[in-house]
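Colleague: Numbering (this note's numbering), first residue to last: 121 to 428.
Where a beta carbon is used, it is the ideal one built from N, C-alpha and C, also for glycine.
Quick caveat, the model's predicted, so the values are computed rather than measured.
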Amino acid sequence: MAIMGNTLKTSLNNLVLKNPILTASGTFGYTNEFDEFINVSKLGAVITKAISLYPRAGNKNIRITETKAGMINSIGLENIGIKRFIDEKIPILKAKSIDYIMNIAGSTIDEYIELGKICQENSIKAIEVNVSCPNVKQGCLEFGIDENSLYELIKAIREEYKGYLIVKLTPNVTRIENLGLAVEKAGADAISAINTLKGMSIKINNQQGKVTKTIIQGGYSGIGIKPVAISCIYRLSQVVDIPIIGIGGIETLDDILEFFAAGAEAVEIGTANFTHPEISEKLVDELEEYIIKNGYKNLDKLKEELRK
Ligand SMILES: Cc1cc2nc3c(=O)[nH]c(=O)nc-3n(C[C@H](O)[C@H](O)[C@H](O)COP(=O)(O)O)c2cc1C
């Protein structure tokens with residue numbers, strides 16, 4: 121096992137992480153669920169599931185289904201709401217020295233602004249604004265697909281929240297570059313991409329000629345979306361100057377190297393946590409070993425080489 125030094129130190133301008141491996145929102149619970157598998161405090165940061173102004177029960181229908189190359193989810197942003205999150209979960213994260221980024225989601229612009237205000241009042245160091253969830257009836261993706269509404273929304277949150285502000289973008293648009301440019305102009309510190317793709321699965325059961333169907337519509341994630349994610353990161357990196365955090369189907373060290381080559385400064389591990397709960401810590405170790413074995417001085421030197 122590699123010894124943790126400064127080899128993996130990752131500076132996303134004014135947010136410095138001990139390494140570039142983060143966990144993706146909604147795939148890592150409130151983090152205590154992973155205590156029995158890994159040392160969570162070793163990760164660059166965990167990103168909380170989407171936290172809303174008020175508690176949300178989530179969707180009633182089937183919430184998850186497996187596909188050949190990933191999964192479709194329709195969780196509907198179930199969470200305990202920001203008040204309980206701050207009172208009950210943050211003290212635990214602090215006690216365990218876990219670096220965290222709070223993912224926030226609103227149904228209206230006012231809700232996002234209020235969430236930004238509360239994060240500011242409670243000195244939350246970094247937030248990831250979720251404007252890209254395809255599984256809720258109101259809000260979220262509505263703001264995230266139009267560059268003008270997105271610009272207005274992020275500008276309004278920025279006025280209230282002075283900490284590190286990441287905007288999580290959707291791939292469900294023709295030109296993700298326009299969204300990237302809009303959030304950079306609105307004052308975002310970084311971009312994370314991608315959230316899930318809109319997907320649908322129809323499972324057919326035929327009992328002697330009588331067909332019954334199980335249908336799920338929601339966000340498609342996992343290994344199948346990686347090429348889409350790589351393309352989005354690459355195209356964004358051609359137009360924005362703020363750091364990009366890459367997400368989408370990451371399962372191995374080679375996947376991470378591909379994201380770095382495309383222009384990502386850090387990565388988030390999502391769906392892979394469900395099948396391999398130990399994966400994120402394993403990838404931290406593997407990345408450090410790779411850098412040492414190949415004689416790079418640090419992570420920045422590796423990224424430089426990958427982007428030549
Ligand atoms: C079950 C599930 C729940 C998710 N919940 C959230 C969420 O609350 N907020 C958010 O921004 N993204 C959410 N996502 C999207 C992931 O954070 C990530 O962007 C996406 O799954 C792509 O990465 P992956 O292919 O590695 O899973 C969720 C994804 C899954 C599979």
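How long is the line joining the alpha carbons of residue 122 and residue 415, rounded to whole angstroms?
Modeller: Only weak support is given to the placement of residue 122: the predicted model assigns it a pLDDT of 46, under 50, and the value that follows is read from those uncertain coordinates. The alpha-carbon atoms of residue 122 and residue 415 are separated by roughly 14 Å.
Colleague: Looking only at C-alpha atoms, which of 166, 295 and 240 sits nearest to residue 267?
Modeller: The shortest C-alpha separation from residue 267 is found at 295.
Colleague: Using a 10 Å radius around the Cβ and a threshold of 16 neighbouring Cβ atoms, would you call residue 251 buried or exposed?
Modeller: So residue 251 ends up on the buried side.
Colleague: Expressed to the nearest angstrom, what Euclidean distance is found between the alpha-carbon atoms of residue 216 and residue 180?
Modeller: If I take the Cα positions, the gap works out to 33 Å.
Colleague: Would you grab the beta carbon distance between residue 206 and residue 152 for me? Rounded to a whole angstrom, and I think it's under 8 Å.
Modeller: Not a contact, Cβ separation roughly 16 Å.
Colleague: Relative to ligand 1, is the shortest distance from any of its heavy atoms to the C-beta of residue 144 smaller than 6 Å?
Modeller: Yes, Cβ of residue 144 sits closer than 6 Å to a heavy atom of ligand 1.
Colleague: I'd like the list of long-range same chain contacts for residue 355, defined as Cβ closer than 7 Å, with 5 residues on each side in sequence excluded.
Modeller: Only 296 and 297 meet the Cβ criterion.
Colleague: Consider the C-beta atom of residue 367 and the heavy atoms of ligand 1; say whether any pair is separated by less than 6 Å.
Modeller: Because some heavy atom of ligand 1 lies under 6 Å away, the Cβ of residue 367 counts as near it: yes.
Colleague: For residue 142, which beta-bridge partners are listed by DSSP?
Modeller: Its beta-bridge partners are 165 and 388.
Colleague: So what's residue 182 in DSSP terms, helix, strand or just coil?
Modeller: The answer is coil: DSSP assigns residue 182 none of H, G, I, E or B.
Colleague: Alpha carbon to alpha carbon, what distance is there between residue 309 and residue 284?
Modeller: In a straight line, the C-alpha of residue 284 is about 6 Å away from that of residue 309.
Colleague: Which residues does DSSP pair with residue 248 in a beta bridge?
Modeller: DSSP output for residue 248 lists 223 and 286 as bridge partner(s).
Colleague: Does the structure place the region 127-146 close enough to the region 397-408 that three or more beta carbon pairs sit under 8 Å?
Modeller: Output reads yes: the region 127-146 touches the region 397-408.
Colleague: In the DSSP assignment, find the alpha helix (DSSP H) that holds residue 197 and state where it starts and stops.
Modeller: Looking at the DSSP string, residue 197 is not in any alpha helix (DSSP H), and its letter there is neither H nor E.
Colleague: Mind checking which residues open and close the alpha helix (DSSP H) that includes residue 404?
Modeller: Where residue 404 is concerned, the enclosing alpha helix (DSSP H) stretches over 399-413.
Colleague: Below 7 Å CB to CB, which residues in the same chain sit around residue 74 once its five sequence neighbours on both sides are set aside?
Modeller: Only positions 121 to 428 of the chain appear in this structure, which leaves residue 74 out of reach.
Colleague: Helix, strand or coil for residue 128? Go by DSSP, reduced to three states.
Modeller: Of the three classes helix, strand and coil, the one that applies to residue 128 here is coil, per DSSP.
Colleague: For residue 263 and residue 412, I'd like the C-alpha separation in whole angstroms.
Modeller: Rounded to whole angstroms, residue 263 to residue 412 spans 43 Å at the Cα level.
Colleague: Are the region 418-427 and the region 395-403 in contact at 8 Å, needing three or more beta carbon pairs?
Modeller: With the cut-off at 8 Å, the region 418-427 and the region 395-403 do not touch.
Colleague: Given a cut-off of 7 Å, decide if residue 366 and residue 454 are closer than it, judged by their beta-carbon atoms.
Modeller: This structure does not reach residue 454, given that the chain is present from 121 up to 428, and the question cannot be answered.
Colleague: What are the partner residues of residue 135, as DSSP defines its beta bridges?
Modeller: 132.
Colleague: Which residues share a DSSP beta bridge with residue 176?
Modeller: In DSSP, residue 176 forms a bridge with 199.
Colleague: In this structure, what does DSSP give as the bridge partners for residue 312?
Modeller: In the DSSP output, where bridge partners are listed per residue, residue 312 has 288 and 365.
Colleague: Pick from 166, 157, 281 and 344: whose alpha carbon is nearest that of residue 218?
Modeller: It is 166 whose Cα lies nearest to the Cα of residue 218.
Colleague: Short of 8 Å in beta carbon distance, which residues of its chain neighbour residue 361, apart from the five on each side in sequence? Order them along the chain.
Modeller: Excluding residues within five positions, the ones whose Cβ falls inside 8 Å are 304.
Colleague: Whose C-beta lies closer than 6 Å to the C-beta of residue 129 among residues of the same chain, with five residues either side of it excluded?
Modeller: Counting only Cβ-Cβ distances below 6 Å, and skipping sequence neighbours, we find nothing.
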